[in-house]
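Shown next, in structure tokens, is the structure this report addresses.
Residue numbers (our numbering), protein chains in the order written: chain A, 21 to 108; chain B, 21 to 108.
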């Protein structure tokens, strides 16, 4: 497992904050409108599986940015799936 | 730039296929219903910026899986932003 230079890891962490944060407005919108009709369930189920694999890829590469980003994004994607069933 | 072992890269490629493919049903749903109301514009704008940074992170790590995944995901996210303006 290679040690990733700090300068590169910073870019990964900013990317992680942005792609993770981008799910917050979606979760908030569904919660506020009590509707998940416009959101595709299949998208979020496939997405969650992919995010889980990116997590393992991050572990194998020793990328803390990928590990943290995909953990939080996975939790948010699961929340959207939960809302989809609750508010359909 | 470290060479990533083939076995690890395979996991990244499967992850790439899944997270990229997860956007296709969303794009199709918006196109079919001619409505992007349930999709958050702020989500996709922040997401696109994050995906661009993951692309650079992938370039710096020498990860072809990340480069390809984030190129295609970025294009699909831009398509959703376009539909959001077209179909609002």
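Note that CB positions come from ideal geometry on N, CA and C, so glycine has one too. Everything numeric in this text was worked out from a predicted model, so none of it was measured.
How long is the line joining the alpha carbons of residue i and residue j, rounded to whole angstroms?
i, j, result
"residue 39(A)", "residue 54(A)", "23 Å"
"residue 36(B)", "residue 44(A)", "22 Å"
"residue 104(A)", "residue 67(A)", "14 Å"
"residue 23(A)", "residue 75(A)", "17 Å"
"residue 97(B)", "residue 89(B)", "12 Å"
"residue 29(B)", "residue 82(B)", "10 Å"
"residue 117(B)", "residue 92(A)", "Here chain B comprises residues numbered 21 to 108, so residue 117(B) is not present and cannot be evaluated."
"residue 71(B)", "residue 95(A)", "19 Å"
"residue 69(B)", "residue 56(A)", "24 Å"
"residue 4(B)", "residue 65(B)", "Since the displayed chain B opens at 21 and closes at 108, residue 4(B) lies outside it and no answer follows."
With burial defined as no fewer than 16 other Cβ atoms inside 10 Å of the residue's Cβ, what is the status of residue i: buried or exposed?
i, result
"residue 100(B)", "buried"
"residue 26(A)", "exposed"
"residue 50(B)", "buried"
Which of the three DSSP states is assigned to residue i in this structure?
i, result
"residue 58(A)", "coil"
"residue 72(A)", "helix"
"residue 50(A)", "helix"
"residue 82(B)", "coil"
"residue 24(A)", "coil"
"residue 107(A)", "coil"
With residue i and residue j assumed to form a contact (beta carbons below 8 Å), what rounded beta-carbon distance in angstroms separates them?
i, j, result
"residue 34(A)", "residue 73(B)", "6 Å"
"residue 58(A)", "residue 47(B)", "Their Cβ separation, rounded to whole angstroms, is 13 Å, which puts residue 58(A) and residue 47(B) out of contact at 8 Å."
"residue 77(B)", "residue 31(A)", "5 Å"
"residue 63(A)", "residue 42(B)", "5 Å"
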